[in-house]
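A short write-up of the structure that comes next.
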Amino acid sequence: MSKIGFNIRKIRESKGFSQDYMASVLNISQASYARLENEDTKVTVDRLYKIAEILDTNIIDFFDADRMVIQNQTNNEGAFGNGYVENLNVGNKNVYEQLLKSKDEQIELLTKMIDKLLKK
Numbered sequence: 005m006s007k008i009g010f011n012i013r014k015i016r017e018s019k020g021f022s023q024d025y026m027a028s029v030l031n032i033s034q035a036s037y038a039r040l041e042n043e044d045t046k047v048t049v050d051r052l053y054k055i056a057e058i059l060d061t062n063i064i065d066f067f068d069a070d071r072m073v074i075q076n077q078t079n080n081e082g083a084f085g086n087g088y089v090e091n092l093n094v095g096n097k098n099v100y101e102q103l104l105k106s107k108d109e110q111i112e113l114l115t116k117m118i119d120k121l122l123k124k
């Protein structure tokens with residue numbers, strides 16, 4: 005079982021944000037947001053990126069919030085420092101790789117759109 009919902013809650017609470025606030029910014033009900041943190045519903049990649057933006061954190065921190073706290077206390081390398089991916093369990097590592105692929109695809113699509121706009 006991943007602990008993404010638990011980690012999102014942990015980070016949200018560390019920032020002092022309420023579920024009501026998060027739900028409001030995400031334009032969903034508080035009950036829907038609570039289901040996300042309780043892992044009663046699946047969360048999309050886009051929603052994870054939006055939550056990371058609101059919480060001013062890296063999406064990878066949702067996969068290992070304890071690691072994020074330790075890393076922030078010991079160095080300034082960021083979420084990708086020193087073998088971070090190798091320390092994730094296999095299930096989370098696969099999700100992480102899918103997120104990176106999705107991010108790369110989004111960047112490629114945006115680049116193509118910008119190129120088209122510049123050619124006009």
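In my numbering, the protein residues as written are 5 to 124.
Ideal Cβ positions, reconstructed from N, Cα and C, are used throughout, including at glycine.
{"query": "For the alpha helix (DSSP H) containing E17, name the first residue and the last one.", "result": "I8 to K19"}
{"query": "Report the residue from I63, D44 and S36 whose alpha carbon sits nearest the alpha carbon of L104.", "result": "I63"}
{"query": "Could you check where the alpha helix (DSSP H) with E43 kicks off and where it finishes?", "result": "From DSSP, E43 is part of no alpha helix (DSSP H); its letter is neither H nor E."}
{"query": "So for T115, helix, strand or coil by DSSP?", "result": "helix"}
{"query": "Is the stretch 104–121 touching the stretch 8–21, taking contact as three or more C-beta pairs under 8 angstroms?", "result": "no"}
{"query": "Using three-state DSSP, classify S22 as helix, strand or coil.", "result": "coil"}
{"query": "Starting from L59 and walking both ways along the alpha helix (DSSP H), at which residues does that stretch end?", "result": "Taken as a continuous stretch (DSSP letters only), L59 belongs to no alpha helix (DSSP H), as it is neither H nor E."}
{"query": "Applying the 10 Å Cβ sphere with the 16-neighbour rule, what's the burial state of D65?", "result": "buried"}
{"query": "Label E41 either buried or exposed according to how many other C-beta atoms from any shown protein chain fall within 10 Å of its C-beta, with 16 as the threshold for buried.", "result": "buried"}
{"query": "Short check: CB of F10 to CB of E43, under 9 angstroms?", "result": "yes"}
{"query": "Label M26 either buried or exposed according to how many other C-beta atoms from any shown protein chain fall within 10 Å of its C-beta, with 16 as the threshold for buried.", "result": "buried"}
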